[in-house]
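Protein chains in written order, with our numbering: chain A, 92 to 532; chain B, 239 to 509. Cβ atoms here follow ideal geometry from the backbone N, Cα and C, with glycine treated the same way. Input: a single structure, listed below in structure tokens.
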Amino acid sequence: MSLPGASPLFAAISFASYNTRVVLLGASLLGLAAGVIGTFLLLRKKALIGDVVGHCALPGIAVAFLVIERTSPGAGKNLPALLVGATCAGLLGAQTVSLIKLFTRVDNDTSLAVVLSVFYGAGVALLSVVQRLASGSSAGLKDFLNGQTAAIVSQDVWIFSGASLAIVLVTGLLFKEFTLLCFDEDFARTRGLPTRALDIALTLLATAVSVVGMQTVGLLLVTAILVTPPASARFWTNDIRVMALLAGLTGVVSAAAGVIASAARERLPAGPMIVLCGGALFVFSLLFGRERGVIWLWAIHRRERLRNDRTDLLRSLYESVEANPQSARPSKDGAIRAVIPRDHIEPLRTWSSRRLNRALGACIRDGILGRTSDGSIALTQTAIEEGARIVRNRKLWELYLQQFADVSAASIDRNRDLLDHALDPALVRQLESALGESPRV
Amino acid sequence: MSPEAAHQQSHSPSRPAGGPASPLVIHDLTVAYQRKPVVWDIDYETQAGKLIAIVGPNGAGKSTLIKAALNLVPRISGEVLFFGEPYKRVRHRVAYVPQRTTVDWDFPVSALDVVAMGLYREIGWFRPVTRRYREQALAALERVAMQDFARRQISQLSGGQQQRVFLARALAQNAELYLMDEPFAGVDAATEQAIIGVLRELRSSGQTVIVVHHDLQTVSEYFDDVLMMNMRLIAAGPVGTVLTAENLRRTYGGKLSLIDQVSQKMAEQHR
């Protein structure tokens, strides 16, 4: 090809070909349905159900094909019939896992692994039987394994779109019941909700998505479109409604992006591209997600550590001033109360010099500490007051523990440093009132 | 049923003819896990308008007793009647507070969402939680002094606050009988006071509350009646007559060093 990418990409984005438009619509709706129903699978800790259904559907597809070939030779690749076969086998597999869990003491992941591999093995064996029949129409069955989005004809897309919309609609109607089922099944049962029926409904919807998704992304990858979008959405929100919405949206975006990418490049399969786009969105969410993204958490953690280091530094400086009366050197204008040589900051010897410098720098920028010409640390009135307050709080707490909680001095000591950061003004007021008006500390 | 248990109970477990049916009658209840009985042949009848504690050592089947009464675990034998009827027909009159640790508190819902779950049955299938129900849920949160946390995601609440949210969910149902599984386990002092305040409020408006309780020291302070069990029913009745050192020893076997402490405490109270 002389112009790799450029003009097909333009063609894909401008939706020039009718076929691309149709496939794009079908895949997007599938992404929406998968994201919404996947939200509940994730919250019910059944993320792998799509994997089970996908693998278990294979023998169903093969059997359906064989049955149809038997009755009317040559008509084996009848999509609705194959989907029915896939659905039945997928459901059977999912229910087998539930039953094993219910009646034996086999671990859940063990039964998952056994069931899906046995069903898949049966499927592969049956598929070889199908191929030995040498019917020309059997070629299409391989599409279920790897997905063949481009081969989807517009007639199929209407089936998929209708199914996807129906799945979204049903999930929307049962939203509050599914929420309660996932959050607190026992309570749901006491309220009279038919939890078993709801659970089967949830599995059925997930099976429907998986079966529809198989043609697009392949049965081995179908679990990705169920799980990745809600997992990404969880990083952005703490509200299940927003999570379902975002998951649906993420599903749409990754499906559309995957289809466009595959249309832009010849031989680039759409299924894996959809999964990769979803994966990219997941990594992005994991890093930048507003509620739980690692960067935000890291920023919060860092801010907290800086605040704690400041508390420790001021307490330590105050204690050094108390211990060395000669360090008290009030300046003429009264701005500086004491000066401590840097290497005399006693209790902080375990700190790295980088950590110490950072804490000192922050306090100096705030104007509560100063640096003298010989590198010693000068404490302002504010620094002395804040240090005194921190030390007093600690003593208040120790007094409280000894008087009210009967805690020995030794066990108090171990948690001292953690406490300095936990005692906010409200707690201190409570302590003071517990210990009387003016406790002697 | 052991003869002692029969002796301790004030009523026979059958329904008294004519008068209003007891909130909870348990007859011959036996439950087994993996063929091993955990609740064995319990007979019990609750009097209305009381605060009742179920006490017993770990693994005595206290939670299982409640769950079996609510059909959450299968029974081997026995009959349970709420207000004289099977549970299915009087769900709206009975509220359940499960153990706090049985759910995933990282779930993406707010405190208000959880309380509204108590109203789902009233709201009905396929309908959203409308403003009217949100206000009802908020009122329930106010009763446990949690209205300021309504919009908080539940993982950001302390253990005690989570427990109060669970209690509010049950209160939202406006039931007549409340079954609570370890509501005082691992909560702070403020929560303990808030919960006991709510329990007393319920009692004064004629409701009945049955609580699985683990703290023997507070049984006589908080509750009117006590049900002592260790797989079998040991004794049931008013705290003053049933919570004896002898019954405690029979409930807890030799395992309890607290016995002496508690009996001393009771001696102090009787003085």
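Residue i classed as buried or exposed, judged by whether at least 16 other C-beta atoms fall within 10 angstroms
i: A/TRP389; result: exposed
i: B/GLN391; result: buried
i: B/LYS300; result: buried
i: A/TRP488; result: buried
i: A/ARG282; result: buried
i: B/GLN374; result: buried
i: A/VAL220; result: exposed
i: B/PRO254; result: Legend: pLDDT at B/PRO254 = 47, less than 50; position of this residue unreliable, value from coordinates given subsequently. Its Cβ having fewer than 16 others within 10 Å, B/PRO254 is exposed.
i: B/PRO241; result: For B/PRO241, the predicted structure reports a pLDDT of 45, less than 50, and the residue's modelled location is therefore unreliable. The matter cannot be settled from this model.
i: B/THR489; result: buried
i: A/GLY304; result: buried
i: A/ALA194; result: Here residue 194 of chain A turns out to be Phe, not Ala, going by the sequence shown. Counting Cβ neighbours within 10 Å, A/PHE194 comes out exposed, since fewer than 16 surround it.
i: A/ARG325; result: buried
Proximity test, Cβ basis, 8 Å: residue i and chain A
i: B/PHE422; result: no
i: B/PRO275; result: no
i: B/ARG488; result: no
i: B/SER495; result: Because B/SER495 carries a pLDDT of 48, less than 50, the predicted location of this residue cannot be relied on, and no value is offered for it.
i: B/GLN401; result: no
i: B/LEU481; result: no
i: B/THR340; result: yes
i: B/VAL347; result: yes
i: B/PHE364; result: yes
i: B/TYR460; result: no
i: B/PRO336; result: yes
i: B/MET384; result: no
i: B/LEU310; result: yes
i: B/PRO258; result: no
Residue i (DSSP reduced to helix, strand or coil)
i: B/SER315; result: strand
i: A/ILE431; result: strand
i: A/GLN417; result: helix
i: A/VAL302; result: helix
i: B/LEU409; result: helix
i: A/GLY461; result: strand
i: B/LYS288; result: coil
i: B/LYS305; result: helix
i: B/PRO476; result: strand
i: A/THR262; result: helix
i: B/ILE433; result: helix
i: B/MET418; result: strand
i: A/MET334; result: helix
i: A/LYS535; result: The structure shown does not extend to residue 535 of chain A, since chain A spans only 92 to 532, so no value can be given for it.
i: B/HIS265; result: strand
i: A/TRP389; result: helix
i: A/ASN448; result: helix
C-beta neighbour in chain B for residue i, strict 8 Å
i: A/LYS137; result: no
i: A/PHE278; result: yes
i: A/THR195; result: no
i: A/LYS267; result: yes
i: A/GLY384; result: no
i: A/LEU367; result: no
i: A/THR281; result: yes
i: A/THR286; result: no
i: A/LEU378; result: no
i: A/GLY96; result: Residue placement at A/GLY96 is poorly supported in this model, since its pLDDT is 46, which falls under 50; the coordinates are not used for a value here.
i: A/ASN329; result: yes
i: A/MET305; result: no
Proximity winner among the options, relative to residue i (alpha-carbon distances)
i: A/ALA148; options: A/ALA118, A/SER202 and A/VAL313; result: A/VAL313
i: B/THR479; options: B/VAL457, B/ARG470 and B/ALA388; result: B/VAL457
i: A/LEU80; options: A/GLY342, A/ALA185, A/GLY145 and A/ASP434; result: The structure shown does not extend to residue 80 of chain A, since chain A is modelled only from 92 to 532, so the question has no answer here.
i: A/LEU537; options: A/ARG358, A/GLY145 and A/THR473; result: Summary: the structure shown does not reach residue 537 of chain A, with chain A confined to residues 92 through 532, and so no result is reported for it.
i: B/GLN399; options: B/GLY444, B/LEU267 and B/ALA432; result: B/ALA432
i: A/ARG280; options: B/THR268, B/VAL335 and B/PHE321; result: B/VAL335
i: B/VAL413; options: B/SER443, B/PHE422, B/ASP419 and B/PHE461; result: This sequence places Ala at residue 413 of chain B; Val is not what is there. Nearest of B/SER443, B/PHE422, B/ASP419 and B/PHE461 to B/ALA413, Cα basis: B/SER443.
i: B/TYR282; options: B/ARG327, B/ASP453, B/THR489 and B/GLY475; result: B/GLY475
i: B/VAL447; options: B/PRO275, B/LYS288 and B/VAL276; result: B/LYS288
i: B/ALA408; options: B/GLY322, B/MET469 and B/MET355; result: B/MET355
i: A/ILE331; options: B/MET469, B/ASP344 and B/GLN401; result: B/ASP344
i: A/PHE251; options: A/LEU310, A/THR286, A/LEU224 and A/LEU120; result: A/LEU120
i: A/CYS179; options: A/ALA297, A/SER202 and A/CYS273; result: A/ALA297
i: A/GLN472; options: A/GLN222, A/ARG420 and A/LEU337; result: A/ARG420
heavy atom of the ligand PLP below 7 Å from residue i C-beta
i: A/VAL385; result: Here there are no bound small molecules, and the ligand PLP is not part of this structure.
Runs of 4 residues minimum, wholly inside the region 318–395 of chain B: which ones carry the alpha helix (DSSP H) assignment? 349–354, 358–361 and 369–381
To test your reading of the DSSP string, which unbroken alpha helix (DSSP H) runs of 4 or more residues are found completely within the region 272–300 of chain A? 276–281
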